[in-house]
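Peer 1: Quick note: the sequence shown uses the working numbering, first residue 40, plus one each step.
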Amino acid sequence: MGRPLSLRDSLPGLGRLTRRFWPYVRRERPLIMVSLLALYAEIVLRLLEPWPLKWVLDRVAGVTRHRGFSRLPFLDALDPAMLLALSAVAVIVFAGLRALAAYYNTVGFALVGNRVLTTVRNELYGQLQRLSLSFHTRARSGDLLVRVTGDVGFLQDVAVTALLPLLANALTLVGMAAVMLWLNAPLTLIALATGPLFWASTTRLTRRIRETARRQRQQEGAMAATAAESIGAVKVIHALSLEGTFAQAFTGQSRKNLATGVRATRLSAGLERTVDLLIAVATAAVLWYGARLALRGVMTPGDLVVFLAYLKNAFRPVRDFVKYTGRLAKASAAGERVLDLLDRTPDVRDLPGAVPAPALRGAVRFDGVTFSYEPGLPALEQIDCVLQPGQRVALVGPSGSGKSTFASLILRLYDPTAGRVLIDERDIREYTLASLRAQMSVVLQDSLLFAATIRDNIAYGAPGTPHEAIEAAARLANAHAFVEALPKGYDTMVGERGVTLSNGQRQRIAIARAAIRRAPVLILDEPTTGLDGENERAVIEALERLAEGRTTFLITHDLLLAGRADLVLYLEAGRVREWGTHAQLLQAGGQYALLYHLQTAGGGRGTTPQRYDAVTT
Ligand code: ADP
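1) Rounded to whole angstroms, what is the Cα-Cα separation between Phe108 and Trp94?
2) Ignore the nearest five residues each way along the sequence and tell me which others in Tyr363's own chain have a CB closer than 6 Å to its CB.
3) I'd like to know if the segment 266-283 and the segment 332-344 are in contact, where contact means that at least 3 CB-CB pairs between them fall below 8 Å.
4) Should Tyr412 be counted as a contact of the ligand ADP given a C-beta to heavy atom distance under 7 Å?
5) For Pro417, which beta-bridge partners are listed by DSSP?
6) Please state if the CB of Leu378 and the CB of Arg59 are separated by a distance shorter than 8 Å.
7) Just list the beta strand (DSSP E) runs in the segment 426-489, keeping only unbroken ones of 3 residues or longer that don't cross its boundaries, in chain order.
8) Measuring only the C-alpha atoms, how far is Ala80 from Val130?
9) What residue from Pro340, Leu310, Ala348, Ala402 has the CA that sits closest to Gly365's CA?
10) Going by the beta-carbon positions, is the gap between Asn574 and Gly613 smaller than 8 Å?
11) In terms of residue numbering, what span does the beta strand (DSSP E) encompassing Arg584 cover?
12) Shorter than 7 Å, the distance from the beta carbon of Gly436 to the closest heavy atom of the ligand ADP, or not?
13) Considering only C-alpha positions, which residue in the set Leu117, Ala370, Trp327 is nearest to Gly189?
14) With DSSP as the reference, please indicate the residues paired to Trp618 in a beta bridge.
15) So, under 8 Å CB-CB, Glu617 and Tyr631 are touching, yes? Tell me the CB distance rounded to an integer number of Å.
16) Quick one: complete alpha helix (DSSP H) runs, 4+ long, within the segment 331-373?
17) Across the segment 299-315 and the segment 241-259, are there enough close Cβ pairs to call them in contact, namely three or more that are closer than 8 Å?
18) Rounded to a whole number of angstroms, what is the C-alpha to C-alpha distance between Gly500 and Ala261?
19) Threshold first: 3 residues or longer. Then list the beta strand (DSSP E) segments lying entirely within the segment 229-310, N to C.
20) At what residues does the alpha helix (DSSP H) containing Ile71 begin and finish?
21) If you draw a straight line from the C-alpha of Asn352 to the C-alpha of Leu212, how long is it?
22) Start and end of the beta strand (DSSP E) containing Leu563?
23) Is DSSP giving Ser541 helix, strand or coil here?
24) Cβ-heavy atom distance between Gly569 and the ligand MN below 7 Å?
25) Between the alpha carbons of Asp359 and Thr304, how many angstroms are there, rounded?
26) Quick one: what does DSSP say Leu593 is sitting in, helix, strand or coil?
27) Is it buried or exposed for Leu350, if we count other Cβ within 10 angstroms and need 16 for buried?
28) Around the Cβ of His105, are there at least 16 other Cβ atoms within 10 angstroms (buried) or fewer (exposed)?
29) Anyone know if the C-beta pair for Gln546 and Leu515 falls short of 8 Å?
30) Identify whether Thr504 lies in helix, strand or coil by the three-state DSSP scheme.
31) Would Val607 be called buried (16 or more neighbouring beta carbons within 10 Å of its own) or exposed?
32) Could you tell me whether any Cβ in chain D is nearer than 8 Å to the Cβ of Arg616?
33) Name the one or two DSSP bridge partners that Asp406 has.
34) Output the distance between the C-alpha atoms of His621 and Asp530, rounded to the nearest integer angstrom.
35) Using 7 Å as the cut-off, classify the Cβ of Thr444 as near or not near the heavy atoms of the ligand ADP, replying yes or no.
36) Between the alpha carbons of Cys154 and Asn208, how many angstroms are there, rounded?
Here it is in structure tokens:
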């Protein structure tokens with residue numbers, strides 16, 4: 040009889056998975072207890088299944104020459120006809136009860152598996168939201184998507200359809216071995232002797248299957264990532280006529296995955312046949328020796344039948360394990376991918392002792408701030424600046440000079456590598472992230488609207504805002520008129536990425552969203568870039584109203600717009616090169632003044648979009 044390969048041995052990730060998910064499993068203890076009871080009942084009934092056949096053979100068919108071999112003396116006393124009827128009824132009763140027990144333990148364990156993995160999925164999703172931007176800029180969003188949906192789903196599927204049957208079968212195996220030993224110890228030992236043979240012939244193959252399955256899962260993740268990325272970038276792909284290139288790349292990946300899949304199937308099929316052969320060898324040995332014992336009258340033919348029936352069943356865990364080894368390995372790979380994400384600590388998180396921020400006034404100070412995305416390559420260096428509440432600052436400078444990084448540090452999307460960012464004279468790391476960000480509003484160049492109604496899109500700024508306030512914000516944002524003109528008004532659904540609205544309209548919705556927040560700090564990242572004259576005017580007007588009373592950071596290439604700010608910071612290569620009011624900088628006659636003159640000499644904003652990166656680089 041074959042010893043099932045040790046699970047831990049075969050699946051190194053399983054131990055880690057079990058440890059990690061144990062607390063969720065423990066929560067389901069009552070359900071697990073009931074399911075286990077049903078499982079034990081099923082196993083006992085499975086053990087009883089061949090016994091009626093034995094009674095009939097030994098007592099009714101009269102094959103037995105010795106009495107008393109039924110091991111159940113009361114059966115010996117029964118009339119053979121009665122015993123036959125009883126045996127027939129027993130077949131049905133055992134099967135019926137077993138079906139019932141099997142039903143309950145299958146459903147019970149499936150419920151446990153589903154509940155546990157649903158919790159895992161929710162936690163994973165939460166973790167993805169918590170992980171900082173530096174993680175997300177490096178990760179492939181498609182791959183993350185596959186982890187949350189595909190990998191967890193796969194884990195769920197395998198836990199319920201492979202792991203649980205395996206557990207049941209392994210327990211049955213122990214039970215059967217015990218009964219077999221009781222029936223006839225030497226015969227049992229003969230069956231057990233084939234164990235090492237199993238082990239020797241299957242370990243190498245199982246290892247190869249595991250490796251293949253693992254690779255397959257990784258390839259599937261990469262494929263989904265490619266698909267998700269190209270779907271997300273479909274506009275650019277069409278514009279550059281890259282459909283063919285992307286299709287080719289995908290086909291290449293797909294073909295590789297197919298080859299791996301075929302290899303996995305081949306290996307599994309080969310292994311299953313090997314096991315079948317070994318089972319035949321073990322059965323033959325038992326049959327040969329058992330029949331001799333029966334002929335000699337050492338055991339009854341009925342015992343031999345029970346023995347052979349058990350042997351066939353006892354091999355089931357081995358066969359199942361072989362059948363499932365690929366899937367289990369895939370699940371273990373999927374599980375590791377899930378754990379990799381779950382166990383990652385977000386770089387930007389609430390520090391111990393962080394407190395909710397009180398209502399902030401909006402005095403922002405950078406104190407010797409240096410920040411590097413990559414070690415040794417600072418994107419910002421030694422930034423010092425002090426802003427009074429309600430001041431408006433324009434951040435200008437060539438592309439890559441660090442303007443967006445500057446804004447990200449205020450939002451605490453990243454933590455400074457050195458120095459501190461303070462709001463109202465307290466390091467922003469002393470506040471909880473949620474309470475800090477709740478007091479900031481952001482309008483980006485390409486504002487993302489969600490696939491929801493316009494009302495909801497505005498309300499995302501401050502969930503629970505009454506309609507009057509939403510409408511007021513929309514008026515402030517110069518959005519009310521065009522929203523009202525839409526057939527469904529505020530209830531109009533916005534398509535994915537807001538494609539049904541023009542850029543300018545989207546921007547104005549985003550401004551309304553920013554406006555309903557009670558946020559003393561406002562960050563505007565090139566909010567007017569790419570807008571035409573009419574829209575631009577409407578947006579600028581809305582922004583002016585939005586900025587009122589808020590400490591505002593405006594990142595812009597438009598120096599006429601920058602000129603309206605109270606203060607201008609001119610950045611270059613991560614350092615503040617010039618700073619002061621617009622008038623002061625013009626008078627100083629530095630780089631800012633030069634660029635301003637170049638931009639205005641072209642006839643002002645809108646006619647010649649003079650970009651100073653083109654001039655300075
Ligand atoms: P700006 O907003 O002025 O165009 P950024 O703040 O976006 O400049 O970038 C400043 C520098 O940091 C650039 O050299 C840019 O290449 C680098 N950088 C920006 N974002 C990242 C990132 N996620 N990872 C690595 N480097 C980055």
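Even glycine gets a Cβ: it sits at the ideal position worked out from N, Cα and C. On a predicted model such as this, the values are computed, not experimentally measured, just so you know.
Peer 2: According to the data block:
1) If you number the sequence shown from 1, residue 108 lands on position 69. If you number the sequence shown from 1, residue 94 lands on position 55. Caution applies to Phe108, whose pLDDT of 45 falls short of 50 and renders its modelled position unreliable; the model cannot decide the point.
2) Position 324 of the sequence shown holds residue 363. For Tyr363, where only same-chain residues beyond five positions count, the Cβ hits under 6 Å are Ala201.
3) Segments in contact, no.
4) Taking the sequence shown and counting its residues from 1, one reaches residue 412 at position 373. True, at least one ligand heavy atom lies under 7 Å from that Cβ.
5) One-based indexing of the sequence shown puts residue 417 at position 378. In the DSSP secondary-structure assignment, Pro417 is bridged to Ser411.
6) In the sequence shown, counting from the first residue as 1, residue 59 sits at position 20. In the sequence shown, counting from the first residue as 1, residue 378 sits at position 339. Result yes, Cβ atoms of Arg59 and Leu378 sit closer than 8 Å.
7) Correct list: 431-435, 457-462, 479-482.
8) Against the sequence shown, residue 80 aligns to sequence position 41. Against the sequence shown, residue 130 aligns to sequence position 91. Straight-line Cα distance between these residues: approximately 16 Å.
9) Mapped onto the sequence shown, residue 365 falls at position 326. Comparing Cα positions, the closest option is Leu310.
10) For the purposes of this step, residue 574 is taken as residue 535 along the sequence shown, with counting starting at 1. For the purposes of this step, residue 613 is taken as residue 574 along the sequence shown, with counting starting at 1. In this structure, Asn574 keeps its C-beta atom at 8 Å or more from the C-beta atom of Gly613.
11) In the sequence shown, counting from the first residue as 1, residue 584 sits at position 545. First-last for Arg584: 572-586, but that is the alpha helix (DSSP H), not the beta strand (DSSP E).
12) Counted from its first residue, the sequence shown places residue 436 at position 397. At least one heavy atom of the ligand ADP is nearer than 7 Å to the Cβ of Gly436, so yes.
13) Within the sequence shown, numbered from 1, the residue matching residue 189 stands at position 150. Closest by alpha carbon: Ala370.
14) Taking the first residue of the sequence shown as 1, we reach residue 618 at position 579. Partner(s): Leu608.
15) Your numbering for residue 617 matches position 578 in the sequence shown. Your numbering for residue 631 matches position 592 in the sequence shown. About 5 Å; that satisfies the 8 Å criterion.
16) None, since the segment 331-373 contains no complete alpha helix (DSSP H) of that length.
17) Because the criterion of three Cβ pairs below 8 Å is met, the segment 299-315 and the segment 241-259 touch.
18) As a position in the sequence shown, residue 500 is number 461, starting the count at 1. As a position in the sequence shown, residue 261 is number 222, starting the count at 1. Approximately 35 Å between the Cα atoms of the pair.
19) Here no run is fully enclosed.
20) Here residue 71 is taken as the residue at index 32 of the sequence shown, counted from 1. Counting along the chain, the alpha helix (DSSP H) containing Ile71 begins and ends at 68-87.
21) Along the sequence shown, read from residue 1 onward, the residue named residue 352 stands at position 313. Along the sequence shown, read from residue 1 onward, the residue named residue 212 stands at position 173. In a straight line, the C-alpha of Asn352 is about 8 Å away from that of Leu212.
22) For the purposes of this step, residue 563 is taken as residue 524 along the sequence shown, with counting starting at 1. It spans 560-564 - the beta strand (DSSP E) in which Leu563 sits, taken as one unbroken run.
23) Start at 1 with the first residue of the sequence shown, and residue 541 comes out as number 502. In the three-state DSSP reduction, Ser541 falls in the coil class, being neither helix nor strand.
24) This structure lacks the ligand MN; its bound ligands are the ligand ADP.
25) For the purposes of this step, residue 359 is identified with residue 320 of the sequence shown, where counting begins at 1. For the purposes of this step, residue 304 is identified with residue 265 of the sequence shown, where counting begins at 1. Rounded to the nearest whole angstrom, the C-alpha separation of Asp359 and Thr304 is 15 Å.
26) Along the sequence shown, one-based indexing puts residue 593 at 554. In the three-state reduction of the DSSP assignment, Leu593 falls in the strand class, which pools E and B.
27) Along the sequence shown, read from residue 1 onward, the residue named residue 350 stands at position 311. That one is buried.
28) Within the sequence shown, residue 105 is the residue found at index 66, counting from 1. Per-residue confidence for His105 stands at a pLDDT of 49, beneath the threshold of 50, marking its modelled position as unreliable; the derived number appears in the next sentence. By the Cβ-count criterion, His105 is exposed, with fewer than 16 other Cβ atoms from all chains shown falling within 10 Å of its own Cβ.
29) Working through the sequence shown from its first residue, we reach residue 546 at position 507. Working through the sequence shown from its first residue, we reach residue 515 at position 476. No, they are not a contact pair.
30) The residue you call residue 504 lines up with position 465 of the sequence shown. Reduced to three states, the DSSP call for Thr504 is coil.
31) Your numbering for residue 607 matches position 568 in the sequence shown. Its Cβ being crowded by 16 or more others within 10 Å, Val607 is buried.
32) Going by chain labels, chain D is absent from the structure shown, which holds only one protein chain.
33) Translated into positions along the sequence shown, residue 406 becomes position 367. Paired residues: Arg459.
34) As a position in the sequence shown, residue 621 is number 582, starting the count at 1. As a position in the sequence shown, residue 530 is number 491, starting the count at 1. In this structure, the CA atom of His621 is about 43 Å from the CA atom of Asp530.
35) The residue labelled residue 444 in the question sits at position 405 within the sequence shown. Checking every heavy atom of the ligand ADP against the Cβ of Thr444, one is found closer than 7 Å.
36) One-based indexing of the sequence shown puts residue 154 at position 115. One-based indexing of the sequence shown puts residue 208 at position 169. One detail in the question is off: residue 154 reads as Arg in this sequence, not Cys. Distance between Arg154 and Asn208, taken at the CA atoms: about 23 Å.
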